[in-house]
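Residue numbers (my numbering): 14 to 320.
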Amino acid sequence: MPRLLLDCDPGHDDALAILLAAKHSDLLGITTVSGNAPLTATTHNALLTLQIAGIEAPVYAGAARPLVAEAQHAPDIHGASGLGGPVLPELTQAAAGGDAVRFIVDTVRETDGVWLVAVGPLTNVALALREAPDIAARLAGISVMGGSAGFGNRTATAEFNIWADPEAAQVVFTSGVKLIMCGLNVTHQFMIYEDDVARIRALNNPVAEFAAELLSFYGQAYADAFFGRAEGPLHDPCAVLAVTHPDLLVTEPRHVEVELRGEHTRGMTVVDERGARASTKPNVQVAYRINREGALALLVETLGTYR
């Protein structure tokens, strides 16, 4: 199984990403970042997900704000706590002492072949690459849930994670590290519908019930915010699957830049679709397709293994 660090901002789909990563990788640790909710909440939610599922992995809190801009959150999708929906137990675990960025740097330097899966704003990842540029060559790669080849969600052109800290994203995208981008154009192919939630609930174990309650809230939030019907895209699991089950996705090499200045385009991932050119050497493997049925079957099967 791949060795994996998960940088996240839980978040409903982050929680599902954690549950997948714990079963299909050697999960070395989790780092949290401000994003879907403030850092205190995302750290709490990561710990709570591990506690509910009986997963043992250290959790390190990271950046509480972006590199340049003010922190932005998504209570319209994830609720005020970041994990709206389930009745949650009292947290009995604590985060590890120390800083997320230091943990990332030390782990990558000490462990061969680490994949960094980043499913929140890229602040922690950018800070790690700035502090220790040598880790870019040691990483197996970085799989990002962020950006899009075509459309946005926080704005017409920008996806939330990149929009929340575009300066950090630009550091990562220009670092030279092997990079996979799972953007909205592919994550919106992994939609979860009401009958899928019922299928998960029917697994009849506490972790599946937790997941079903998360997805029910998440689908209704998307109905209210975007679609008018109870369904939601499973963004963050796509970035995990790109590492653990790459056969489920189709990627293509592209040159991608992050727009930092535009009035209407700040945070946009500008994907050059013109083909290989000397001035636009590909720097990202952009995901274009995912096998939804295969990914869904794997998710359901995985949730069924929890007790």
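Every residue, glycine too, gets a C-beta built ideally from N, C-alpha and C.
Only a predicted model underlies this, so the values are computations on that prediction, with no experimental measurement involved.
In the structure shown, residue 100 falls within a coil segment according to DSSP collapsed to helix, strand and coil. By the neighbour-count criterion, in which a residue is buried when 16 or more other Cβ atoms sit within 10 angstroms of its Cβ, residue 226 is buried. A residue is called buried once 16 or more other Cβ atoms fall within 10 Å of its Cβ, and residue 282 is buried on that count. Collapsing the DSSP output to three states places residue 138 in a helix. For residue 37, the enclosing alpha helix (DSSP H) covers residues 25–37.
Of 140, 220, 196 and 221, the smallest CA-CA separation from residue 188 is found for 140. In this structure, DSSP gives residue 242 a state outside helix and strand, which the three-state scheme calls coil. Residue 131 counts as buried, since at least 16 other C-beta atoms from the protein chains shown sit within 10 angstroms of its C-beta. For residue 315, the enclosing alpha helix (DSSP H) stretches over residues 305–317. Assigned with DSSP and collapsed to three states, residue 91 falls in helix. Membership of residue 188 in any beta strand (DSSP E) is not indicated, and neither H nor E is assigned to it by DSSP. Secondary structure of residue 285 (DSSP, three-state): strand.
Separation of residue 313 and residue 213 (C-alpha to C-alpha, rounded to the nearest whole angstrom) is 6 Å.
Per the Cβ contact rule, the stretch 100–119 is in contact with the stretch 71–87 (3 or more Cβ pairs under 8 Å). Look at residue 202 here: in three-state DSSP terms it is coil, with no helix or strand label. Exposure of residue 14 is indicated by the presence of fewer than 16 other C-beta atoms within 10 angstroms of its C-beta. Here residue 179 is near residue 280, since their CB atoms are less than 8 Å apart. Its Cα nearest to that of residue 234, the residue 95 stands out among 43, 95 and 81. The Cβ atoms of residue 91 and residue 66 do not sit closer than 8 Å to each other.
Closest option to residue 308, judged by alpha-carbon separation, among 320, 250 and 276: 250. Cβ neighbours of residue 224 within its own chain (closer than 8 Å, five residues either side excluded): 28, 29, 32, 213 and 316.
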